[in-house]
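Student: Mind looking over this structure? Questions follow.
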Amino acid sequence: MKFFYIHTFGCQMNVYDSERLTQALQDHGWTVTKNSGQADLLLINTCTVRQLAEEKAFSLIGRWAKMKADRPDVIVGMVGCLAQHLRQKAFKRAPALDFMAGPRALMRVPELAEEARQKKRVAVFSVCNFGGGTKAPEGVVPSAYVAVMDGCNQYCTYCAVPLARGREKSRSQKEILAEVKRRVAAGTKEIILLGQNITRYGSDLGQKINLADLLCRIAEAIPELSRLRFITGHPSAFTEQLIKAMADLSPVCGALHLPLQSGSDRILQAMKRGYTSTQYTDLARKIRAFVPDLVLSTDIIVGFPGETEHDFQATLDMVKQCDFDMAFCFKYSIRQATIAAELPDQLPLLEKEKRLALLLDTVEQKAVAKKAAMIGRREKVLIEGTDVKTKQRLQGRTRGNHIVILDGPPAWIGREIEVEITATANWSLMGEVISPPAGIVNNGQAIA
Ligand code: SAH
Ligand code: SF4
Numbered sequence: 135m136k137f138f139y140i141h142t143f144g145c146q147m148n149v150y151d152s153e154r155l156t157q158a159l160q161d162h163g164w165t166v167t168k169n170s171g172q173a174d175l176l177l178i179n180t181c182t183v184r185q186l187a188e189e190k191a192f193s194l195i196g197r198w199a200k201m202k203a204d205r206p207d208v209i210v211g212m213v214g215c216l217a218q219h220l221r222q223k224a225f226k227r228a229p230a231l232d233f234m235a236g237p238r239a240l241m242r243v244p245e246l247a248e249e250a251r252q253k254k255r256v257a258v259f260s261v262c263n264f265g266g267g268t269k270a271p272e273g274v275v276p277s278a279y280v281a282v283m284d285g286c287n288q289y290c291t292y293c294a295v296p297l298a299r300g301r302e303k304s305r306s307q308k309e310i311l312a313e314v315k316r317r318v319a320a321g322t323k324e325i326i327l328l329g330q331n332i333t334r335y336g337s338d339l340g341q342k343i344n345l346a347d348l349l350c351r352i353a354e355a356i357p358e359l360s361r362l363r364f365i366t367g368h369p370s371a372f373t374e375q376l377i378k379a380m381a382d383l384s385p386v387c388g389a390l391h392l393p394l395q396s397g398s399d400r401i402l403q404a405m406k407r408g409y410t411s412t413q414y415t416d417l418a419r420k421i422r423a424f425v426p427d428l429v430l431s432t433d434i435i436v437g438f439p440g441e442t443e444h445d446f447q448a449t450l451d452m453v454k455q456c457d458f459d460m461a462f463c464f465k466y467s468i469r470q471a472t473i474a475a476e477l478p479d480q481l482p483l484l485e486k487e488k489r490l491a492l493l494l495d496t497v498e499q500k501a502v503a504k505k506a507a508m509i510g511r512r513e514k515v516l517i518e519g520t521d522v523k524t525k526q527r528l529q530g531r532t533r534g535n536h537i538v539i540l541d542g543p544p545a546w547i548g549r550e551i552e553v554e555i556t557a558t559a560n561w562s563l564m565g566e567v568i569s570p571p572a573g574i575v576n577n578g579q580a581i582a
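Each residue of the sequence shown is one higher than the one before, counting from 135 in this note's numbering.
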């Protein structure tokens, strides 16, 4: 048997890409292992969004180089966004690398691994078709990702994603429906549609289909699907039709991740985001009018080049005003070959760290208050597995995407259960089951 091991950095799209890569390798006779020491093929699926992810990638390859010194037949491959962004330069930085493949060339990996075995260094960065997809693995998978498009045409000035993933490429509705059907037939309850700029789904297809239409087709064609989500929406392409689809289609969850990035109009413009702070708040208000219990999360960058105290204050004000349930906050990180990397007035690291700490404080205060307000509420929780910390309890998510920890048997994994929220914990909520799911009693024995 030949074994492969994949380490995945980065976003949900990378997780999905690693899943379809796993599938492709299995189709070519490889067996996946969770033990890197046992692997004949070591793969790293990389991220280029921030410098830290780049450093982590090279330090892991450095550790693998030591393993390779003992077992010279081991093949090391770097795939994904950083591979595409750095290209041949990565071979220079990491002599242990045998092959590289960009995110759109993942389906070539089985063949590249074979070529690398012949002691050749190979790399493919061309933009091929989407290729592959995920099949249902064995066991219960309560929630699954399905990519609907890849790439991004927005070219925000700080972002390396368009450079790594290329221009927008939507998958056909037929292909998406087939993959969603396959996952739901195997017991998956929740589908998360993925795209870097998913609100532009379909704009390159030359047919009249957009994200709202796609949500509608999925909901109609697969009525057994309980939950449907999509990430990541962009504020400037969020149509009224999409807001109505969120409100009207029963599987579509009332949770939305809508990156803001900055509260300052001057910075938003320098970022080339395509909206103002007022347009963002108006949009959030409009969505809330249609989806009253909307759970809204966002991404924010602090310390973009030229960001003044005044700009930063505007971001803090927006966080207070927008009532976010959660915000993922990042220090601006210089990415090679982006427009912002060349801008004057890059902020010192200490200043970025100071602003990040202040922002995180404001975000947390809001998040804690919003979570506390959920105590006593009844929520439907999709049980995803055991909790990460103790492995003794169960962990699931509400339709609003809040993590809930509760007591219950493993037989509940993959079920949606009515839960009362009883307390808040650090990043999650605690819950108690109101009534156990039909067919299963509390000790975990299924009733025949
Ligand atoms: N497509 C999504 C986000 C993709 S990257 C969108 O348009 O919002 C995920 C997040 O990483 C971004 O929302 C942004 O907040 C952050 N990010 C991207 N480039 C960054 C950089 N150079 N420095 C710091 N954070 C960055
Ligand atoms: Fe990057 Fe902007 Fe595209 Fe998001 S929309 S992936 S931040 S370029």
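Ideal Cβ placement from N, Cα and C applies to all residues, glycine included.
(1) Name the two residues that bound the continuous beta strand (DSSP E) containing residue 529.
(2) For residue 360, which residues of its own chain have a beta-carbon under 8 Å away from its beta-carbon, when the five flanking residues on both sides are left out?
(3) Exposed or buried, what is residue 200 when buried is set at 16 or more other beta-carbons lying within 10 Å of its beta-carbon?
(4) Give me the Cα-Cα distance between residue 557 and residue 539, rounded to the nearest whole angstrom.
(5) Following a CB-centred definition, is residue 222 positioned closer than 7 Å to any heavy atom of the ligand SF4?
(6) Residue 476: buried (16+ other C-beta within 10 angstroms of its C-beta) or exposed?
(7) Do you know offhand how far residue 560's Cα is from residue 463's?
(8) Which partner residues does residue 235 have in the DSSP bridge list?
(9) Please report the residue range of the beta strand (DSSP E) in which residue 363 lies.
(10) Starting from residue 565, follow the beta strand (DSSP E) in both directions and report where the run begins and ends.
(11) Start and end of the alpha helix (DSSP H) containing residue 451?
(12) Per the contact definition of three or more C-beta pairs closer than 8 Å, is the region 287-307 in contact with the region 465-480?
(13) Give the secondary structure of residue 582 by DSSP, where H, G and I count as helix, E and B as strand, and everything else as coil.
(14) Hey, how far is the Cα of residue 183 from the Cα of residue 144?
(15) Which class does residue 332 belong to by DSSP, given the choice of helix, strand or coil?
(16) Would the region 428-436 and the region 395-405 be scored as touching if the rule is three or more Cβ pairs under 8 Å?
(17) Taking buried to mean at least 16 other C-beta atoms within 10 Å of its own C-beta, is residue 299 buried or exposed?
(18) Whole angstroms is fine: what's the gap from residue 566's alpha carbon to residue 524's?
(19) From which residue to which residue does the beta strand (DSSP E) around residue 429 run?
(20) In terms of residues, what are the limits of the alpha helix (DSSP H) holding residue 108?
(21) Under three-state DSSP, which class holds residue 538?
(22) Would you mind giving the Cβ-Cβ distance between residue 493 and residue 536, rounded to the nearest angstrom? I have them listed as a contact below 8 Å.
(23) Which residue from 150, 331, 308 and 368 puts its Cα closest to that of residue 351?
(24) Take residue 520 as the anchor and find which of 542, 514 and 533 has the nearest alpha-carbon.
(25) Could you compute how far the alpha carbon of residue 581 sits from the alpha carbon of residue 572?
(26) Given the structure, does residue 296 come close to the ligand SF4, in the sense that its CB is under 7 Å from one of the ligand's heavy atoms?
(27) Under 7 Å from any heavy atom of the ligand SAH, does the C-beta of residue 527 make it?
(28) With 16 other CB atoms within 10 Å as the buried threshold, where does residue 444 fall?
(29) How big is the Cα-Cα spacing for residue 578 and residue 415?
Tutor: Reading off the structure:
(1) 528-531
(2) 323, 324, 385, 516 and 550
(3) exposed
(4) 10 Å
(5) no
(6) Counting the other Cβ atoms within 10 Å of the Cβ of residue 476 gives fewer than 16, which makes it exposed.
(7) 17 Å
(8) 213 and 258
(9) 361-365
(10) 563-567
(11) That run of the alpha helix (DSSP H) goes 443-456.
(12) yes
(13) Bear in mind that a pLDDT of 37 at residue 582, under 50, signals an unreliable position, so the number given afterwards is only what the model happens to contain. The answer is coil: DSSP assigns residue 582 none of H, G, I, E or B.
(14) Counting only the Cα atoms, residue 144 lies some 8 Å from residue 183.
(15) Looking at residue 332 - three-state DSSP - the assignment turns out to be helix.
(16) yes
(17) buried
(18) 17 Å
(19) Where residue 429 is concerned, the enclosing beta strand (DSSP E) stretches over 429-436.
(20) Past the boundaries of the shown model lies residue 108; the chain is included only from 135 to 582, so the question cannot be answered.
(21) strand
(22) Taking 8 Å as the upper bound for CB-CB distance, residue 493 and residue 536 are not in contact here, some 21 Å apart.
(23) 308
(24) Ranking the options by Cα distance to residue 520, first place goes to 542.
(25) With a pLDDT of only 41 at residue 581, under the threshold of 50, the placement of this residue in the model should not be trusted; the figure read from the coordinates follows. About 9 Å.
(26) yes
(27) Answer for residue 527: no, Cβ out of range of the ligand SAH.
(28) exposed
(29) Residue confidence is low: residue 578 scores 46 on pLDDT, short of 50, so the model does not pin down where it sits. No coordinate-derived value is stated.
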